[in-house]
Every structure is written in C-alpha cells, then in structure tokens.
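Enquirer:
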Amino acid sequence: MLVPGAGHEFPVQGVSWKRREVLMLANSIGIKADELRFLCSCHKPHMYQSKYHYLIRIKALHPNFSVFPTYSLIPEVADSYARQKAVRILGAPDLHHLHRVDGQHQLTVVKPLPTTSAGCKFELRNNFVDVHDKGKHGTVIETEQSIVNRESGELYTNVVSSGPSTVNYPPPKGKVPNATHVVQSNSEATRLYREVLISMVTIALSTPTPEPDQKMSFGGAIFHGCFSCDSAAHGVLRELGGSNSINMKEYQARFGSLSSPVKDLPLKFEE
157 MLVPGAGHEF PVQGVSWKRR EVLMLANSIG IKADELRFLC SCHKPHMYQS KYHYLIRIKA
217 LHPNFSVFPT YSLIPEVADS YARQKAVRIL GAPDLHHLHR VDGQHQLTVV KPLPTTSAGC
277 KFELRNNFVD VHDKGKHGTV IETEQSIVNR ESGELYTNVV SSGPSTVNYP PPKGKVPNAT
337 HVVQSNSEAT RLYREVLISM VTIALSTPTP EPDQKMSFGG AIFHGCFSCD SAAHGVLREL
397 GGSNSINMKE YQARFGSLSS PVKDLPLKFE E
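Going by my numbering, the sequence shown opens with residue 157, and the numbers climb by one from there.
(1) Can you give me the C-alpha to C-alpha distance between G309 and M404, rounded to a whole angstrom?
(2) Quick check on the DSSP output: the alpha helix (DSSP H) that includes N183 runs from which residue to which?
(3) From this set, K331, N342, L348, I245, which residue's C-alpha is nearest E298's C-alpha?
(4) How would you write the range of the beta strand (DSSP E) that F224 sits in, first residue to last?
(5) Apart from the five residues on each side of it in sequence, which residues of its chain come closer than 8 Å, Cβ to Cβ, to P333?
(6) Does the distance from the CB of E395 to the CB of A345 come in under 7 Å?
(7) Select from G397, I185, V304 the residue whose C-alpha is nearest the C-alpha of N282.
(8) Within 10 angstroms of the Cβ of R176, are there 16 or more other Cβ atoms? Answer buried if so, exposed if not.
(9) So does the stretch 184 to 195 actually touch the stretch 160 to 169, counting three or more Cβ pairs closer than 8 Å?
(10) Round the Cβ separation of S156 and Q260 to the nearest angstrom and send it over; I've been treating them as touching at under 8 Å.
(11) Beta-carbon within less than 7 Å of K174's beta-carbon, same chain only, minus the 5 sequence neighbours each way: which residues are those?
(12) With DSSP collapsed to three states, give me the class of R281.
(13) For P422, which residues does DSSP report across the bridge?
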C-alpha cells in the first residue's frame, strides 16, 4: 500500500559543528571522568613560559578524542519544527509540529563523525517515510536523516526517527542482568541538557524553563527525548562497549513514557 507522502525529500540542509559543541553534549549526558576520550582532556597538560613570564597551562587533545556516536541526533532536530512546517507534504495531514515529541530513534554509524566539521562540507538529507495515526495519543511521523559529506558523497550516519510500536520482549524472570547502569536525574541535569540543545538547535522543548512543557500539558519540566536516548546510549557504550565509540555501530531506543527530572533512569542489559 502506497503511503501518502512517502519518499518526500525535505530541502537539503548544511550542518557543521565545533569541538566545543561535542564537549558540551558529552558533559550533559553523564560522561564519567574515566572516559576522557569524550572530554577532550589530556593526561599530561604541558606548561610553557610566555614573554610576560607567566606559566600557562595548556590542555591538549586526548590522543583518542572522539565524538560520542549519538551526536548525530543533534543536527537531526536542529530547526526541525521550522523546516518541516515550511514544507507541505502532499497527502500527509497538516500537523502542529510544535507539539511534536521524540518517541524512537534508530542510529546506524557507517563512519564516525570527525571531532569538528572544519575543512569539510556536510549536509543533512531528510526524507519523509510514513505517518501513523495513534488516535487520542496523537500522530507518529517517521523520518529518515543522513549526514553525508557533500563533496565526496560518503555516508557517515543514518537516523530513523519515531515509527510504529515494536514488539516488547521482557527480560527472563529470575535472571540477573548482564550489566546495569543508572542515569542520575535531577533538575540541574534537565537544565544543562536543554542549555546544550538551545545553543545548537531551535526547538520548543530546548528552552531551559518549564513553561513550554506546561503548555504541552506535561505538568512541569521533562527530559527532552534526545536526553533519554543519548544518556541510555552512554550506558550501553560504557557497560558493554568499553566506552569506545568504534564499538557502537547500531543503536535503537524507544521510550513508552515521559521522563521527569525527579526519578533516576535505571538500565538493565540482557543478552
């Protein structure tokens, strides 16, 4: 059955990032002090003497400094409301994009992103895949985004966002999890992550105040869906992948309910 609007391509958008933005994301999702490869720090900062005879401490890059894999989600949501509202998808319902929330992301890392886009031209290619009517719960939009090197045509990452509900497989009863991880949650974590987003993207739930959440009937400040996805990915990579970004080739997360900053998010990993 042909889906109305399927295959529609949004205008190609140029994307760029700096090391500062990569560092901000890593700090906001709970990267630990022993995961220096994501914190741009060096074990042995060196000193030198300037002409004014002051000793200045210089922090060099970690020799294995790398971008946390889910950074690819950030360009995907950048100005997404304005971008999607500006284009009418033939056959698809006219939706109120300001009321959109994140439900699911599937990330495929084909090639790790460089620590900065300087010297290269990257673009975000965004396609409309499907739309699903969830009744009183709203409408689910499924889109696919790819970050591509404009000059070479190389594909770096692919993200499929939202989509229909998938089958849930509860863990075996009585079995001890292979690993566990707890995402520590508080109001400060909410504000920090939103400050990171608002410095890079323009979306309603990026504002560091609770007013947008209240207008959307959430009752108070909530974690942005990307935070749940990013912080859970950190737990997976830390506990199962040795905190090495090259070990994350594919990652998918779906959250059935909102996360508030008053409860920690426990993760249990089963093989």
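For glycine and all other residues, C-beta sits at the position ideal for the given N, C-alpha and C.
Expert: Let me lay it out:
(1) 22 Å
(2) 175 to 184
(3) I245
(4) Per DSSP, F224 belongs to no beta strand (DSSP E) and is neither H nor E.
(5) P327, K424, F425, E426
(6) no
(7) V304
(8) exposed
(9) no
(10) Because the chain spans 157 through 427 in this model, residue 156 falls outside it and cannot be assessed.
(11) T272
(12) strand
(13) V338
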